[in-house]
Each structure stands twice: as C-alpha cells, then as structure tokens.
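Residues 2 to 310 (the working numbering) are what the sequence shown spells out, left to right.
Positions of the beta carbon are idealized from the N, C-alpha and C atoms, including for glycine.
Below is one structure, written out as structure tokens; the observations come after it.
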Amino acid sequence: MSKSAALKQRTAYLSIFSNTTLVLLKLAVGIYVGAVSLISEALHSGVDLIAALIAFWAVRKSVTPPDTEHDYGHGKYENLSAAVEALLIVAAAIGILYESVMKFAESRVPEMLGYGIAIMGISIVINFFVSHRLIRVARETGSQALEADGLHLRADIWTSVGVLLGLVLMQITGWAWLDPLIAIFVAGIIFRAGWRMVVDSTMQLTDASLPEEEEERIRKIIESVPEVRGCHCLRTRRSGSYKLLDVHVLFDGTMHLSQVHAICDELEQLIRKEFGTFDIMIHPEPDGYHNKETKVSLYEESQGFDPKN
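Structure below.
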C-alpha cells in the first residue's frame, strides 16, 4: 500500500472514531437532560458517522488496482461516496428544519442544560480539529471522499454552534422558542453547503472536464517542448483522486518513431510533475497531415455523424 493510501485510511479511521464518540455522548446527555435538540443533534452526528463509514469504504475501494472489469481503476467510488454524503447533508438539513418547526409548539425549557452546553462545546472543538485534518489530507492526496467528509463535519460545526447558542440563551432567558429559531437558520446554512456538494459530485460522476485554467496549463507544458509543433483535442476528466487526459500532439512528420515516443514519455513526466497522479494518453500526429480535430468533431465521429451530410 502506498503512503498516500495509508494516510487516507488512517484519516478516515480518525473520522469514524470521533463521530462514534460524539454520537454516544450526545445521545446519553440528551436523554439524561431531556432536551430534544440534543437528541436530534445526536441523530445528526449519526448521519456524520454513516458518512464517515461511506468515506472509509470509498477510500479503501478507490485505491484498489485496476482489474479486468475496471481498466481505469476504482477512483469513481470516491465520487460516488461524495454524492451520497452530499445527499445525507441535505437530508439532515431537512430533518433539522422539520424538528425545529415542531419544537415551536413545545414551551418547556429542559433542566440541567449545563451538561448539554458542555457536550456541545466539546463537539465543536473535536469537529473543528478533525474536519481540518480531513480537508488537509484530502488536498494532499486528492481524495474527494475525505474532502466531502471534512466539509460535512465543518458544516456540522455551525449546527453545533446553533444548538449551543440556543441552550445558553434558553438557560439565561427561559425562552424555549430560541432553540428552534436558531436551528432553522443553521439548517439553511447546512442545506446550502450540501446542495453545493450535490452539484460538484454530480459534475465529477458525469465526467466533467478539469477547470479551464488547468487545461490551459497542460497545453503550455506540452507546447513548451521544442520538438512539439502544437496540440489539439485535449480532453480531461477526474476519477476520484486520479486525473485522466488524452490529447493529440503534432510532430515533424520526418521524425523517427523512437524519438517521438521518447518525447511523449517526457511530456507525461512533465505533466505528472506539475499535477501529480495523471493517467495520460498521447496520440502523436504528423504536422499538417489533416485538419485539426476538436472535442466535438471526435464525438460526432464516434457517433457515426458525417459532417459532409
């Protein structure tokens, strides 16, 4: 197992351990205190635990080497994991909103709120450090699953802050309606974050291209090699933490095949040096052999479309 894969698995373990601890603590204190907000927050942490387990499974699956059924590896499992987590965030936001509206009818302020305030403070601190670790490792390794899990926990910090403020203000003022009001506001923040993740993960699952600025950097790297006459039809996509591209590169038609092959190897090394892990397919062409192709023309050709008709 590579160092990157081991690091991702250890970080996923950390998320599972922290979420399990918080679920048990919040549920025990919520039942003891009799605060519906704490019990619902425990259930929310339960969603986090499920998300962490999904991320852990995705990370382990995504590093599985290519096989006869998955020639390009298993990186898409990370994208699928991120999509599921995003849906869980949206569902949790809707659930919190529902519970908050229902709590407006409840006028009783729970007793012994100090225990609830303490556990929410602990929850905020733990989630802050764990989410920071998850996001940092995700950016180091390019893991979308860990990034989704980290962003999920970061969004949950706002939920915890909202519940904490509600508990503190209830203890000071005795106004029970403050808790659901703040929770509704926090649910809106969580829903917004979850919806953004839904959009991002959908783009990855549908093979969206890399950002335009990254594709432009790739073109500049290719065209920086003196023997290259130009390039066209650059296509890119992501599969989990892996990036993939194919491109047509133009060479002098009189160059020997072995020299062209050596330059293609050099181009692959330059691109990987700049971007890290990259699955690269270069199609060499003699300069001036035919008109430049585009992504659209290749697609039309693959669909049997004849541009002359």
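- For Glu100, the CB contacts under 6 Å within the same chain, skipping 5 residues up- and downstream, are Ser41 in chain order.
- For Glu286, the beta-bridge partners assigned by DSSP are Leu251.
- Secondary structure at Phe279: strand, using DSSP grouped into helix, strand and coil.
- Just measuring C-alpha positions, the residue of Gly115, Ala188 and Tyr33 sitting nearest Ile95 is Ala188.
- Counting only the Cα atoms, His249 lies some 5 Å from His284.
- If you check the CB distance, Val164 and Ser38 come in under 8 Å.
- By the neighbour-count definition (other C-beta atoms within 10 Å, threshold 16), Gln205 is a buried residue.
- Thr22 and Leu168 have their C-alpha atoms some 21 Å from each other.
- Here the alpha carbons of Gly115 and Leu170 stand approximately 12 Å from one another.
- Contact between the segment 141-157 and the segment 6-20 is established, with three or more Cβ pairs separated by less than 8 Å.
- Under the DSSP assignment, Thr237 falls in the beta strand (DSSP E) whose first and last residues are Gly231 to Ser240.
- Taking Ile219 as reference, the option from Ile272, Val200, Ser259 and Val226 with the minimal CA-CA separation is Ile272.
- Gly151 counts as buried, since no fewer than 16 other beta carbons sit within 10 angstroms of its beta carbon.
- In this structure Ile125 is not in contact with Ile90, their Cβ atoms being roughly 18 Å apart against a cut-off of 8 Å.
- Pro212 sits exposed, since fewer than 16 C-beta atoms from the chains shown fall within 10 Å of its C-beta.
- The C-beta separation of Met198 from Ala83 comes to about 7 Å, placing the pair in contact by the 8 Å criterion.
- If the five residues before and after Leu179 are omitted, its C-beta is found closer than 7 Å to the C-beta atoms of Gly167, Leu170 and Met171, all from its own chain and listed in chain order.
- In the structure shown, the three-state DSSP call for Leu211 is coil.
- In this structure, Ala93 places its C-beta atom within 8 Å of the C-beta atom of Ile191.
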